[in-house]
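The next block holds one structure in the form of structure tokens; read it before the comments.
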Amino acid sequence: DTGVSQDPRHKITKRGQNVTFRCDPISEHNRLYWYRQTLGQGPEFLTYFQNEAQLEKSRLLSDRFSAERPKGSFSTLEIQRTEQGDSAMYLCASSTPPGTGADTGELFFGEGSRLTVL
Amino acid sequence: GIQVEQSPPDLILQEGANSTLRCNFSDSVNNLQWFHQNPWGQLINLFYIPSGTKQNGRLSATTVATERYSLLYISSSQTTDSGVYFCAAGGGYSTLTFGKGTMLLVSP
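Chains A and B supply the protein sequences, listed in that same order.
Position one of the first sequence corresponds to residue 1 (the numbering used here), numbered consecutively onward.
Position one of the second sequence corresponds to residue 119 (the numbering used here), numbered consecutively onward.
The following block contains the structure:
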């Protein structure tokens, strides 16, 4: 178990450019979440997947934001035409769905991808 | 959606002191977690505790679900305990709502 992995850890881009972040969840976890955290605030939920199905995306901040998880393993979060207000930490988490045994739905987070838009 | 409030927003302690952090939530929950955010931004799981009491070394947590609050206790604090502590709660196993956090500074 190597934990949740995110790449890149840091991204600096110019306004108007597109950026993509990748998240590799814990291997046995079938749920994957994206959160955004701005300075001085708690993380804010964006979207989540169960396997390859995106079950909640209404919290994505605008139509410039999109996420995919094509084979139910890794996920990507893309921001098109970046704006300075998109500067934030983008956090990925994974979990097993609640059920029998130890499946509690407990979330485990990666180290995050910090975006700076100039 | 669920509202989560944490108090105090900031806390300064001398090394060795004890502290209690509080989390109030507005609705019944199926998931409640406490995290410590390290200086590099990673959220470290402390407790998964939708109800009851758990202990892990110098840290313990109690959630009283019927009264919609959770407490995180830190005993004999150390400088390495410094950072931001977040409570996050969810009602549907799909999303967690985070509070604004408690920033803890432990001085030597």
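All residues carry an ideal CB built from backbone N, CA and C; glycine is no exception.
(request) Using a Cβ cut-off of 7 Å, pull out every chain B residue sitting near F108 of chain A, in sequence order please. (result) N163
(message) For chain A, check one thing: does any of its Cβ atoms lie closer than 7 Å to the Cβ of G217 of chain B?
(response) yes
(message) Counting beta carbon pairs with one atom in the region 128-142 of chain B and one in the region 154-162 of chain B, are three or more of them shorter than 8 Å?
(response) no
(request) Work out the CA separation of L129 of chain B and G40 of chain A for me, nearest whole Å. (result) 15 Å
(request) Starting from F21 of chain A, find everything on chain B with Cβ-Cβ shorter than 9 Å and list it in chain order. (result) Ordered by position in chain B, no residue passes the 9 Å Cβ test against F21 of chain A, which lies about 14 Å from the chain.
(request) Identify each residue in the region 152-180 of chain B for which the Cβ-Cβ distance to at least one residue of chain A is less than 7 Å, and report them in chain order. (result) W158, G159, Q160, L161, N163, Y166
(request) With distances taken Cα to Cα, identify the nearest neighbour of P226 of chain B among B:L214, B:G219, B:D199. (result) B:D199
(request) In angstroms with no decimal places, state the Cα-to-Cα distance between L164 of chain B and G208 of chain B. (result) 16 Å
(request) Apply the 10 Å Cβ neighbour rule to E78 of chain A and answer buried if 16 or more other Cβ atoms are within range, or exposed otherwise. (result) Classification of E78 of chain A: exposed, given that the 10 Å Cβ count is below 16.
(message) Let me check understanding here. Comparing Cα to Cα, which of A:R22, A:G42, A:R81 lies closest to E63 of chain A?
(response) Rather than Glu, the amino acid found at residue 63 of chain A in this sequence is Asp. Cα-wise, what sits closest to D63 of chain A is A:R81.
(message) Determine, for F204 of chain B, whether the minimum Cβ-Cβ distance to residues of chain A falls below 7 Å.
(response) Yes, because at least one Cβ of chain A sits closer than 7 Å to the Cβ of F204 of chain B.
(message) Quick check: the Cα distance between T13 of chain A and E44 of chain A, rounded to an integer number of angstroms?
(response) 22 Å
(request) Return yes when the Cβ of Q50 of chain A is within less than 7 Å of the Cβ of C156 of chain A, no when it is not. (result) Residue 156 of chain A lies beyond the stretch modelled for chain A, which goes from 1 to 118, so this question has no answer here.
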